[in-house]
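*Asks:*
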Amino acid sequence: MTPTSVRTSVSSSLAKIRQLDNTIQAFEEVFADDATAQAELLDGGDPAAATQPLRGMTLGVKDIFELSGRSPGNGNRAAFELLAREVPEDDAALVRLLRDAGAVLTGMTRSTELCWYQPTLTRNPHDIDCTPGGSSSGSAAAVAADMVTAAIGSQTNGSIVRPASYCGLFAYKAGYDRLDLTGMTRISDSFDHTGFFARDAATVIKLAEVAGNFVVPQHVSGDYRLGVVDTQDLADADHEVVETFTTYVGQLRDAGHTVDSIRLPEVLAPKTFDAYYGVLAPEIYQLHRNLLSPDLIDRLGPNTVEILQRGRDTTATQQREAEKVVAEIRTRVDGHFDQFDALILPAATSCAPRTLTYTGSPALSTLSSMAGIPITVIPAGLGRSGLPVGIQVWGRWGADQTVLSLLAALPSEYVAPQ
Numbered sequence: 129m130t131p132t133s134v135r136t137s138v139s140s141s142l143a144k145i146r147q148l149d150n151t152i153q154a155f156e157e158v159f160a161d162d163a164t165a166q167a168e169l170l171d172g173g174d175p176a177a178a179t180q181p182l183r184g185m186t187l188g189v190k191d192i193f194e195l196s197g198r199s200p201g202n203g204n205r206a207a208f209e210l211l212a213r214e215v216p217e218d219d220a221a222l223v224r225l226l227r228d229a230g231a232v233l234t235g236m237t238r239s240t241e242l243c244w245y246q247p248t249l250t251r252n253p254h255d256i257d258c259t260p261g262g263s264s265s266g267s268a269a270a271v272a273a274d275m276v277t278a279a280i281g282s283q284t285n286g287s288i289v290r291p292a293s294y295c296g297l298f299a300y301k302a303g304y305d306r307l308d309l310t311g312m313t314r315i316s317d318s319f320d321h322t323g324f325f326a327r328d329a330a331t332v333i334k335l336a337e338v339a340g341n342f343v344v345p346q347h348v349s350g351d352y353r354l355g356v357v358d359t360q361d362l363a364d365a366d367h368e369v370v371e372t373f374t375t376y377v378g379q380l381r382d383a384g385h386t387v388d389s390i391r392l393p394e395v396l397a398p399k400t401f402d403a404y405y406g407v408l409a410p411e412i413y414q415l416h417r418n419l420l421s422p423d424l425i426d427r428l429g430p431n432t433v434e435i436l437q438r439g440r441d442t443t444a445t446q447q448r449e450a451e452k453v454v455a456e457i458r459t460r461v462d463g464h465f466d467q468f469d470a471l472i473l474p475a476a477t478s479c480a481p482r483t484l485t486y487t488g489s490p491a492l493s494t495l496s497s498m499a500g501i502p503i504t505v506i507p508a509g510l511g512r513s514g515l516p517v518g519i520q521v522w523g524r525w526g527a528d529q530t531v532l533s534l535l536a537a538l539p540s541e542y543v544a545p546q
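Plus 128 on top of the position in the sequence shown (first one is 1) and you've got my numbering.
1) Going by DSSP, name the residue or residues bridged to S282.
2) Look at L358 and I390 and say whether their C-beta atoms are less than 9 Å apart.
3) Is it buried or exposed for R524, if we count other Cβ within 10 angstroms and need 16 for buried?
4) Please classify T443 as buried or exposed, where buried requires at least 16 other C-beta atoms within 10 Å of its C-beta.
5) What's the C-alpha gap between T322 and T386?
6) Measuring alpha carbon to alpha carbon, tell me which residue in D320, V356, A154, T179 is nearest T259.
7) Provide the residue(s) that pair with P507 in DSSP beta bridges, ordered along the chain.
8) Flag this pair as touching only if the segment 294-305 and the segment 167-174 have three or more C-beta atom pairs under 8 Å; answer yes or no.
9) Label V215 either buried or exposed according to how many other C-beta atoms from any shown protein chain fall within 10 Å of its C-beta, with 16 as the threshold for buried.
10) Can you list, in chain order, the residues of its chain whose CB lies under 8 Å from that of G509, leaving out five sequence neighbours each side?
11) If S239 and G266 are in contact, beta carbons under 8 Å, what's the gap, nearest whole angstrom?
12) Less than 9 Å between the C-beta atoms of V564 and A475, yes or no?
13) Taking the CB atoms as reference points, tell me whether A270 and R427 lie closer together than 9 Å.
14) For M498, does the three-state DSSP call read helix, strand or coil?
15) If contact is defined by three or more beta carbon pairs under 8 Å, each pair taking one atom from either stretch, is the segment 320-336 in contact with the segment 177-193?
16) Please give me, in chain order, every unbroken run of the alpha helix (DSSP H) with length at least 4 that falls completely inside the segment 254-308.
17) Kindly indicate which three-state DSSP category R512 falls into: helix, strand or coil?
18) Measuring CB to CB, does G429 end up less than 9 Å from E241?
19) Have a look at Y352 and G463 and give me their C-alpha separation to the nearest angstrom.
20) So, for D364: in the same chain, excluding its five sequence neighbours on each side, which residues have a beta-carbon less than 7 Å away from its beta-carbon?
21) Evaluate V454 with the Cβ neighbour count: other Cβ atoms within 10 Å of its Cβ, from every protein chain shown; 16 or more gives buried, anything less gives exposed.
22) Assuming K301 contacts P502 under a Cβ cut-off of 8 Å, what Cβ separation, rounded to an integer in Å, is found between them?
23) Would DSSP call S389 helix, strand or coil?
24) A272 and N252 - do their beta-carbons sit closer together than 9 Å?
25) Measure the C-alpha to C-alpha separation of E156 and S282 and round it to an integer number of angstroms.
26) Chain B beta carbons: is any one of them nearer than 9 Å to that of L471?
27) By the 10 Å Cβ neighbour count, where 16 or more other Cβ atoms means buried, how is H254 classified, buried or exposed?
28) Quick check for students: name the residue ranges of the alpha helix (DSSP H) that lie wholly in the segment 408-446, counting only runs of 4 or more.
29) Checking 9 Å against the spacing of the C-beta atoms, do V158 and T234 come in under that value?
30) Are at least three pairs of beta-carbons, each pair with one atom in the segment 220-227 and one in the segment 190-205, less than 8 Å apart?
31) Does DSSP put E541 in a helix, a strand or coil?
Right, dumping it as structure tokens:
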């Protein structure tokens with residue numbers, strides 16, 4: 129970057145936010161003064177700043193992360209401000225890492241309430257009558273609308289993978305416990321993950337390398353062993369998603385990859401969802417039971433109240449039985465990687481639903497969130513409806529660098545909103 133380019137980049141980002149966000153509603157709060165001040169520091173001629181890997185990258189952060197002097201709103205600031213919370217003295221660990229590497233925090237992006245299904249005000253930049261997905265609604269929409277270069281999201285079920293697909297983005301959901309979650313509002317100790325959205329693979333990889341303190345290998349060979357989930361196991365997926373997915377599989381073969389079909393009946397099995405909720409619901413309740421107090425419950429959306437009450441009513445025996453099933457599923461999923469470098473399947477069962485009252489189905493993400501494996505999302509162009517379709521790439525537990533290498537190596541078709 130040139131000595132003045134950080135200020136130019138930040139000014140451009142803030143101008144786009146002023147132009148677009150009254151409609152898109154991606155941001156909970158914009159830090160125009162702080163972002164401008166940080167840009168001026170980065171442009172100040174310090175030799176160390178000139179070599180920072182993320183220098184000048186404008187960044188949105190999901191409003192579930194702590195900032196120095198600012199507690200997260202968690203999708204309902206009015207309710208959470210009634211809780212006795214200490215004001216953070218420092219940024220969340222992940223935010224601090226990225227800022228220390230030169231990223232410019234431009235604003236906090238909207239989250240659904242408690243990262244659950246109560247929708248935000250956020251609209252999809254590809255069609256403002258459509259949901260951007262959830263719970264990382266604002267992060268995905270802000271990047272898709274080119275208001276920031278990248279954004280941090282989180283995922284407990286499908287909250288990175290689904291918005292990335294609906295908004296036509298590249299994304300990375302880190303493997304379980306791979307990135308530091310200190311200072312992030314926890315929803316589930318078993319299933320919480322974090323990750324990133326961007327409009328190109330290189331930006332996602334750069335963020336992951338900084339956050340994960342690893343290097344993503346740049347493979348020369350195009351010959352990966354890819355397990356493509358059989359469409360028999362995608363019965364809930366819309367026709368246009370399956371059609372785009374089938375075309376994409378052909379592109380993988382044309383690119384020289386070894387592609388074989390794999391049966392994955394557990395991906396949409398009722399047993400999978402029962403086990404997921406049997407663990408998740410009591411964990412949410414254990415972490416956030418105070419929200420069911422008489423002075424707070426009426427301030428919550430019905431979806432949030434329902435999951436908290438479900439967790440309250442789950443017995444310890446039911447939770448232990450669900451935990452056993454989750455452990456079995458993790459072992460079964462891991463076994464699929466004895467044959468393959470990665471598994472390939474659609475990122476969502478549909479394109480973005482044409483509604484702002486529902487954030488879409490996370491069904492194709494539940495199994496992988498339970499397994500704790502790393503995932504990347506690749507845009508595969510537009511479906512027949514003219515809305516984006518995403519492909520998700522699953523890697524083995526701990527193989528974050530592999531799925532990030534594949535993010536750059538596999539075919540993609542990014543289409544900007546019109």
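Where a beta carbon is used, it is the ideal one built from N, C-alpha and C, also for glycine.
*Replies:* Concretely, from the data shown:
1) T322
2) Reading off the sequence, residue 358 comes out as Asp, not Leu. Going by C-beta atoms, D358 is nearer than 9 Å to I390.
3) buried
4) exposed
5) 30 Å
6) A154
7) G518
8) no
9) exposed
10) T372, P516, V517, E541, V543
11) 7 Å
12) Outside the displayed range of the chain (129 to 546) lies residue 564, so it cannot be described from this structure.
13) no
14) helix
15) yes
16) 265-272, 289-295
17) coil
18) yes
19) 17 Å
20) L396, T477, A491
21) buried
22) 7 Å
23) strand
24) yes
25) 16 Å
26) Of the protein chains in the structure, only one exists, and it is not chain B.
27) buried
28) 430-441
29) yes
30) yes
31) strand
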